[in-house]
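Chains as they are written, first to last, in this note's numbering: chain U, 1 to 114; chain R, 1001 to 1117.
For glycine and all other residues, C-beta sits at the position ideal for the given N, C-alpha and C.
The structure displayed is predicted, hence computed values, not measured ones.
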């Protein structure tokens, strides 16, 4: 099992550009989520999905879109990048998202917006 | 509201010293889980431990130990005989049904531990 994979590992964008951060898991997990990590703030939830076709907003959703067409993939889209989106992004998955389930994290994507 | 506070922003110790990382949480849920993650300089998040709210037994794993006290809403992490490889950012996190099954982990701000040789 590869676990949770993320691509790319690093990315530099200019303000206004768009891009998609990819996340995939091969553990047949229903629940997937995206977090961003900023200095001194820990990790904050952006969007999450409890299954294919079902997504919802987390704590900091503005500027990001998601969709979940398959169980395996949960891409995060930046439609018009802003410097405030400079961050490290982590994708996570768990069996169902409930309290008893361990969450597995991907290796992260470091994004810089100039 | 749910909240996790790691009041220690940075800690610096000399190798072989013991060090305790503090974690205080707030929740109205009666059922919840607490976690500790390690983030080494390479950047990935490494799961260390998960503890549910009904199990207040302390846990020891090698040089690592965890002290869970519901009375003070604390879940502290102690590294005994620290090593340079323990240098990392450590996060405490909370997951509870108050998250409405969002699976939303509430993270503390993180504590940066530097272990000097």
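| Asked | Found |
| --- | --- |
| Residue 1038 of chain R (DSSP reduced to helix, strand or coil) | strand |
| Residue nearest to residue 1019 of chain R in terms of C-alpha spacing, selected from R/1058, R/1008, R/1040 and R/1057 | R/1008 |
| Any chain R beta carbon closer than 8 Å to residue 94 of chain U | yes |
| Alpha carbon of residue 86 of chain U to alpha carbon of residue 108 of chain U, nearest angstrom | 13 Å |
| Cβ-based burial, residue 36 of chain U [other Cβ within 10 Å; buried from 16] | buried |
| Segment contact flag, the stretch 14-28 of chain U with the stretch 39-52 of chain U, C-beta cutoff 8 Å, min 3 pairs | no |
| Inter-stretch contact (C-beta, 8 Å, three-pair minimum) for the stretch 1064-1080 of chain R and the stretch 1031-1051 of chain R | yes |
| Local Cβ density within 10 Å of residue 1055 of chain R, reported as buried at 16 or more and exposed below that | exposed |
| Beta-carbon neighbours of residue 1050 of chain R, restricted to chain U and to distances below 8 Å | 102 |
| Simplified DSSP assignment, three categories, for residue 124 of chain U | It is not possible to answer for residue 124 of chain U, since the shown part of chain U is limited to 1 through 114. |
| Rounded C-alpha distance that separates residue 1094 of chain R from residue 9 of chain U | 27 Å |
| Where residue 1114 of chain R falls: helix, strand or coil (DSSP) | strand |
| Among R/1026, R/1069, R/1057 and R/1084, the one whose alpha carbon lies nearest that of residue 1096 of chain R | R/1026 |
| Chain R residues whose Cβ lies nearer than 8 Å to that of residue 107 of chain U | 1043 and 1044 |
| Residue-level contact to chain R via CB, residue 33 of chain U, 8 Å cutoff | yes |
| Cβ pair count under 8 Å reaching 3, the stretch 1031-1040 of chain R against the stretch 47-65 of chain U | no |
| Residue 40 of chain U: contacting residues in chain B (beta-carbon distance under 7 Å) | Protein chains in the displayed structure are U and R, and chain B is not among them. |
| Contacting residues, own chain, Cβ-Cβ under 6 Å from residue 11 of chain U (five flanking each side not counted) | 111 |
| For residue 1047 of chain R, the nearest candidate out of U/64, U/92 and U/114 (CA to CA) | U/92 |
| As assigned by DSSP and simplified to three states, the class of residue 1014 of chain R | strand |
| Proximal chain R residues relative to residue 45 of chain U, where beta-carbon distance stays under 7 Å | 1104 |
| Which listed residue (R/1081, R/1045 and R/1069) has its alpha carbon closest to that of residue 1062 of chain R | R/1081 |
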